[in-house]
Amino acid sequence: MATMTAAQKREQAKMEYDAFLAACPSRQLLDRISNKWVTLILAALGGDCDGEPRPMRYSELSRLLAGVSQKMLTQTLRSLERDGLVARTATPTVPVTVTYELTDLGLSLRQMMRGLKTWAQAHMDDVLAHRATYDARTA
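Count the sequence shown with the UniProt record's numbering and you get residues 1 to 139, in order.
Structure, rendered in structure tokens:
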């Protein structure tokens with residue numbers, strides 16, 4: 001059997017990712033990006049409100065994302081930074097100015113996340129009608 005280089009091993013592992021398997025790392029990533037706060041943060045940083053992706057301060061994100069706690073926003077931003085989807089930049093001012101923006105990897109996910117948000121907003125009436133019908137039938 002021929003030996004493989006590290007790059008070949010990584011490529012083989014990449015081809016073998018299967019999110020249907022419990023131990024697959026891609027399942028962990030799916031768990032992360034399917035979180036509502038992740039979806040909304042990526043949409044906000046991706047320019048869903050004003051069109052173009054742009055850096056945002058923590059306070060801007062906090063105001064925009066109604067209902068997010070300080071703890072949840074901080075944890076979510078840290079996890080997105082760890083995954084390479086968001087970059088955190090601290091500017092030495094008094095007080096320190098911290099901004100967050102999508103990385104190239106985050107930008108590659110942008111369109112799909114915006115699409116999910118748009119779909120949810122456009123179809124909410126249909127979903128509510130189906131829920132009401134289902135609830136009336138099972139009550």
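Cβ atoms here follow ideal geometry from the backbone N, Cα and C, with glycine treated the same way. From a predicted model like this one, the values you see are computed outputs, not experimental measurements.
Applying the 10 Å Cβ sphere with the 16-neighbour rule, what's the burial state of Val86? buried
Would you report the Cα separation of Arg54 and Lys9, rounded to the nearest angstrom? 37 Å
Output the boundary residues of the alpha helix (DSSP H) element that contains Ala132. 104-138
Would you check if the segment 113-128 and the segment 72-91 touch, i.e. whether three or more CB-CB distances between them fall below 8 Å? no
Separation of Pro92 from Ala129, as counted between CA atoms: 52 Å
Can you find the residues in the same chain that come closer than 6 Å, C-beta to C-beta, to Gly106, ignoring five residues on each side of it along the sequence? Leu85, Val86
For the beta strand (DSSP E) that contains Thr89, what are its first and last residues? 86-91
Find out if the Cβ-Cβ distance for the pair Leu45, Leu102 is shorter than 8 Å. yes
I'd like the span of the alpha helix (DSSP H) that includes Met72, first residue to last. 70-82
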